[in-house]
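Below is one structure, written out as C-alpha cells, with a few remarks after it.
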Amino acid sequence: MIKIYGIPNCGSVKKAFAWLTENKIKFEFYDFKKESITEAKINEWLASIPLETLLNKSSTAWKGLTKVAQKKATTKTEAIKLILTNPNLVKRPVLEIASKVLVGFNEEVYKKELL
C-alpha cells in the first residue's frame, strides 16, 4: 500500500490524489496537520533521499524563516528540528512505496515507479 504524506489543500497533493485515483492505485493519506511527523520518519526518508529534496526552499514557510535559521537548516540535525516544528517545510507530497520515497508530484516519475 502506498502511503502519502502532506496536507489536503496542497495543490501537488491534490494532483497526486487525482493521478493515483485515475490509475486505480490505492493509497493511505497522512495529514501533517492531524498526524505529526516524527523524527524517526524524517530520518527514514532521509535514508533514501537527500535533505535538499525533502526541504521545500520555495515554500512560504521557508521564506518566513530568518536567514540564520535557513543557514542552520543545511545540517541534517537542524533541518529535522525545523521540520518537526513546521512540517510545511517538507516538499509535498511524500510517497512511500515499499522501500522507495518519492517527493513532489511528477507524472513521469509516477508512471515509471507506479505503473
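Position 44 of the sequence shown, counting from 1, maps to 47 under this note's numbering, and the rest follow consecutively.
For glycine and all other residues, C-beta sits at the position ideal for the given N, C-alpha and C.
Computed from a predicted structure; not experimentally measured.
request  = Please find out if some non-hydrogen atom of the ligand MG comes closer than 7 Å to the beta-carbon of Leu87.
outcome  = Because no ligand of any kind appears in the structure shown, any question about the ligand MG cannot be addressed here.
key: Residue from Val112, Lys94, Asn89, Val93 whose Cα sits closest to the Cα of Ile100   = Val112
message = Looking only at its chain, what residues have a beta carbon closer than 7 Å to the beta carbon of Asn89, apart from the 5 residues adjacent to it on each side?
response = Ala64
key: Residues near Ile5 in its chain [Cβ-Cβ closer than 8 Å; skip 5 each side]   = Leu23, Ile28, Lys29, Phe30, Glu31, Leu98, Glu99, Ile100, Leu117
query = What's the C-alpha gap between Glu55 and Glu38?
reply = 23 Å
inquiry  = My assumption, with CB atoms under 8 Å, is that Gly107 sits in contact with Lys94. Please give the rounded CB distance.
reply    = 5 Å
ask   = Roughly how many angstroms lie between the CA atoms of Asp34 and Gly14, to the nearest whole one?
value = 14 Å
key: Nearest candidate by alpha-carbon position, reference Lys79, set Lys66, Ile52, Pro11   = Ile52
inquiry  = For Leu58 and Ala76, which I take to be in contact (beta-carbon distance under 8 Å), what is that distance rounded to the nearest angstrom?
reply    = 7 Å
ask   = Pick from Leu49, Glu25, Ser61: whose alpha carbon is nearest that of Ser102?
value = Leu49
request  = Check the C-beta distance from Ile7 over to Ile45 and give it rounded, since I have them as a contact under 8 Å.
outcome  = Actually they do not touch by this definition, with Cβ atoms about 16 Å apart.
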